[in-house]
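K.L.:
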Amino acid sequence: DRHLPYHYAMEQDLLPQEAAIVAAVQQMLAERRGAPAASPAPVPAGPAPSPAAAPAIQVPPAAVSATASRRLAVVVPKQSPTDEEATVIRFHVKEGQAVQSGTILVEMEANKGSFEIESPHPGRVIELRAREGERVRIGSTVLYLEVAESVALDELDRLGEPGVPAIKEIRLTPAQLQVGALAVKSLHEIPAVSVECEADVTRVAQAREELRAEFVKRWGVQVSYTHLILWAMAQALKEERNEGFRGRLDEKAERLLISPNVTLGLAIVGRNEDLYSPVLRRADQMSLHDIVRRVKDLTKAVREGQVNVADLYGATITLTNIGPLQGQRGTPFVLPGQVAMVAAGSLIKMPRYVDQGGSLRLEPRDVISLKLVFDHRPFNGTHAMSLLRSIRDHLESMDLRQHLQEAT
Numbered sequence: 076d077r078h079l080p081y082h083y084a085m086e087q088d089l090l091p092q093e094a095a096i097v098a099a100v101q102q103m104l105a106e107r108r109g110a111p112a113a114s115p116a117p118v119p120a121g122p123a124p125s126p127a128a129a130p131a132i133q134v135p136p137a138a139v140s141a142t143a144s145r146r147l148a149v150v151v152p153k154q155s156p157t158d159e160e161a162t163v164i165r166f167h168v169k170e171g172q173a174v175q176s177g178t179i180l181v182e183m184e185a186n187k188g189s190f191e192i193e194s195p196h197p198g199r200v201i202e203l204r205a206r207e208g209e210r211v212r213i214g215s216t217v218l219y220l221e222v223a224e225s226v227a228l229d230e231l232d233r234l235g236e237p238g239v240p241a242i243k244e245i246r247l248t249p250a251q252l253q254v255g256a257l258a259v260k261s262l263h264e265i266p267a268v269s270v271e272c273e274a275d276v277t278r279v280a281q282a283r284e285e286l287r288a289e290f291v292k293r294w295g296v297q298v299s300y301t302h303l304i305l306w307a308m309a310q311a312l313k314e315e316r317n318e319g320f321r322g323r324l325d326e327k328a329e330r331l332l333i334s335p336n337v338t339l340g341l342a343i344v345g346r347n348e349d350l351y352s353p354v355l356r357r358a359d360q361m362s363l364h365d366i367v368r369r370v371k372d373l374t375k376a377v378r379e380g381q382v383n384v385a386d387l388y389g390a391t392i393t394l395t396n397i398g399p400l401q402g403q404r405g406t407p408f409v410l411p412g413q414v415a416m417v418a419a420g421s422l423i424k425m426p427r428y429v430d431q432g433g434s435l436r437l438e439p440r441d442v443i444s445l446k447l448v449f450d451h452r453p454f455n456g457t458h459a460m461s462l463l464r465s466i467r468d469h470l471e472s473m474d475l476r477q478h479l480q481e482a483t
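Heads up, the working numbering is the position in the sequence shown plus 75, with the first residue counted as 1.
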């Protein structure tokens with residue numbers, strides 16, 4: 076008895092013929108069973124049709140059943156983002172066959188392997204639209220089902236994806252789109268390779284823990300390994316042998332333009348987990364205290380959505396520290412316009428041999444992995460390891476007590 080507004084004209088034509096339609100249905104069912112049809116009920120007399128009346132609407136036999144029904148298309152679902160076609164391996168049903176919810180209708184095969192399409196509702200198979208062995212497009216109809224009219228209209232959209240939750244659509248933010256574009260540009264334009272080493276920060280970690288309260292009292296913030304690694308990078312880039320990493324390639328990638336100053340980038344996660352890379356200019360002239368304050372200001376600006384656009388450009392090398400996320404190792408991409416990226420992992424305790432007066436002794440040590448991903452056009456492995464060793468050495472030899480006193 077559901078009233079569909081867009082079928083109103085059809086209802087107006089069919090309602091006066093209700094008795095005739097019921098009689099026709101009874102006749103059809105009797106013929107299918109091979110039994111004589113019951114005598115049709117008398118049709119009440121009605122007004123004679125006007126000479127200009129529209130012709131009677133023909134109701135397709137497939138749409139007629141003893142109860143109201145609906146014809147539904149079963150389509151081929153996409154199993155992976157790369158699927159465009161699938162092969163019909165075998166139909167498990169025949170035309171006219173009754174099915175229940177969960178009945179396997181057809182077995183298909185796509186790029187990622189075979190899969191089965193199940194019936195989402197009880198009903199009857201009324202038409203097979205493909206042949207076994209045939210390649211069909213994703214989203215095309217492989218068969219039609221006749222199901223009860225009571226099937227909710229909003230369930231029709233899920234037909235062909237049995238057991239698969241409705242897809243949730245999330246629109247990428249402008250920041251995500253920009254990072255994605257940079258990643259693609261980097262992949263296509265920069266021949267990036269990487270080298271890796273390990274920093275033993277046991278002594279620094281112990282001093283940091285001992286001075287934790289003092290740093291908070293005097294500087295108003297706890298010193299993190301991000302601060303320490305940035306300082307070590309700035310010291311390493313001041314050295315003449317590593318000066319190339321203060322530069323950037325010209326448009327033709329034929330010359331390396333080296334700045335006298337160190338400009339570092341720092342990957343910071345902002346609102347909605349958007350990723351930004353603000354810069355620390357003249358980092359080689361900054362004390363550890365200066366770096367701590369600058370990072371605090373940049374982090375606050377990024378997370379409040381107030382970062383200055385001018386603070387997002389100019390770095391030649393960037394640090395991404397995945398340690399706070401409990402990541403031990405990672406391989407970032409080199410940002411276009413820069414020449415390298417340093418990835419630092421989380422601090423973990425590992426057994427390491429330590430030289431004790433000429434003899435080796437196994438001890439638990441605090442270590443951090445450092446990976447340098449660099450543009451292979453201006454640099455080779457010798458240049459890269461020179462910089463990475465220098466960063467490691469400056470990090471391992473830091474005197475946190477001296478830094479605390481100098482900034483007091």
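Don't be surprised by glycine CBs; every beta carbon is placed ideally from N, CA and C. Because the structure is a prediction, the values reported are computed rather than measured.
(1) Can you name, in chain order, every residue of its own chain whose Cβ lies under 7 angstroms from the Cβ of Lys153, other than the five neighbours on each side?
(2) Considering just the uninterrupted stretch of the beta strand (DSSP E) at Gln431, what are its terminal residues?
(3) Evaluate Met183 with the Cβ neighbour count: other Cβ atoms within 10 Å of its Cβ, from every protein chain shown; 16 or more gives buried, anything less gives exposed.
(4) Since Lys446 and Ala415 should fall inside the 8 angstroms C-beta cutoff, what is the C-beta to C-beta distance between them, to a whole number of angstroms?
(5) So Gly340 and Gln413 are in contact, right, with Cβ under 8 angstroms, and what is the actual spacing, rounded?
(6) One question on the structure: do Thr406 and Val448 come within less than 8 angstroms of each other, judged by their Cβ atoms?
(7) Say whether chain B places a C-beta atom closer than 8 angstroms to the C-beta of Ser334.
(8) What are the partner residues of Leu203, as DSSP defines its beta bridges?
(9) Hey, how far is the Cα of Val429 from the Cα of Thr277?
(10) Reducing DSSP to helix, strand and coil, say where Ser465 ends up.
(11) Rounded to the nearest angstrom, how far is the Cβ of Leu470 from that of Asn317, given a contact under 8 angstroms?
(12) Use the C-beta contact count for Val435: other C-beta atoms within 10 angstroms, 16 or more gives buried, fewer gives exposed.
(13) Which residue marks the beginning of the alpha helix (DSSP H) containing Ala309, and which one marks its end?
(14) Is the separation between the beta-carbon of Gly319 and that of Leu332 shorter than 8 angstroms?
(15) Does the beta-carbon of Val384 have 16 or more other beta-carbons within 10 angstroms, so that it is buried, or is it exposed?
(16) Comparing C-alpha positions only, which one of Asp450, Ile397, Ala267 and Arg293 sits nearest to Arg321?
(17) Whole angstroms are fine: how far does the CA of Glu273 sit from the CA of Glu443?
(18) Who are the Cβ neighbours of Ser176 in its own chain at under 7 angstroms, not counting the five residues just before and after it?
(19) Specify the secondary structure class of Lys243 as computed by DSSP and reduced to three states.
(20) Taking the continuous beta strand (DSSP E) assigned at Pro39, which residues delimit it?
(21) Check Thr248 in the structure and name its three-state DSSP category.
(22) Arg283 and Leu475 - do their beta-carbons sit closer together than 8 angstroms?
(23) Determine the direct distance from the alpha carbon of Tyr300 to that of Asp468, and round the result to whole angstroms.
(24) State the Cα-Cα distance for the pair Phe190 and Met460, rounded to the nearest angstrom.
(25) Please report the Cβ distance between Ala358 and Leu400, rounded to the nearest whole angstrom; I am assuming they are in contact, meaning their Cβ atoms lie under 8 angstroms.
(26) Since Arg204 and Leu218 should fall inside the 8 angstroms C-beta cutoff, what is the C-beta to C-beta distance between them, to a whole number of angstroms?
(27) Provide the residue(s) that pair with Tyr351 in DSSP beta bridges, ordered along the chain.
(28) How is Ile333 classed by DSSP in three states: helix, strand or coil?
(29) With Val409 and Ser261 assumed to form a contact (beta carbons below 8 angstroms), what rounded beta-carbon distance in angstroms separates them?
(30) Just how far apart, CA to CA, sit Val370 and Asn396?
(31) With distances taken from CA atoms, which of Lys327, Ser362 and Val377 is nearest Asn347?
(32) Hey, Pro335 and Val382: beta-carbon distance below 8 angstroms or not?
(33) Identify which residue in Gln172, Gly188 and Val149 has its Cα closest to the Cα of Ala161.
(34) From what residue to what residue does the alpha helix (DSSP H) around Phe290 run?
(35) In the DSSP assignment, find the unbroken alpha helix (DSSP H) run with Arg369 in it and report its ends.
(36) Cβ of Val163 within 8 angstroms of Cβ of Val181?
P.N.:
Quick answer:
(1) Ile213
(2) Ile423 to Gln431
(3) buried
(4) Incorrect: roughly 10 angstroms between the Cβ atoms, too far for contact.
(5) 7 angstroms
(6) yes
(7) This model lacks chain B altogether, as it is built from one protein chain only.
(8) Leu218
(9) 12 angstroms
(10) helix
(11) The pair is not a contact, with the Cβ atoms about 14 angstroms apart (cut-off 8 angstroms).
(12) Position check: residue 435 holds Leu in this sequence, whereas Val was assumed. Classification of Leu435: exposed, given that the 10 Å Cβ count is below 16.
(13) Tyr300 to Lys313
(14) no
(15) exposed
(16) Asp450
(17) Contrary to the premise, residue 443 reads as Ile rather than Glu in this sequence. Each residue's alpha carbon lies about 6 angstroms from the other.
(18) Ser194, Pro195, His196 and Pro197
(19) coil
(20) Because residue 39 is not part of the residues shown, which for the chain are 76 to 483, the question remains open.
(21) coil
(22) yes
(23) 15 angstroms
(24) 49 angstroms
(25) About 24 angstroms; that fails the 8 angstroms criterion.
(26) 6 angstroms
(27) Ile343
(28) strand
(29) 6 angstroms
(30) 13 angstroms
(31) Val377
(32) no
(33) Gly188
(34) Arg287 to Trp294
(35) Leu363 to Arg378
(36) yes
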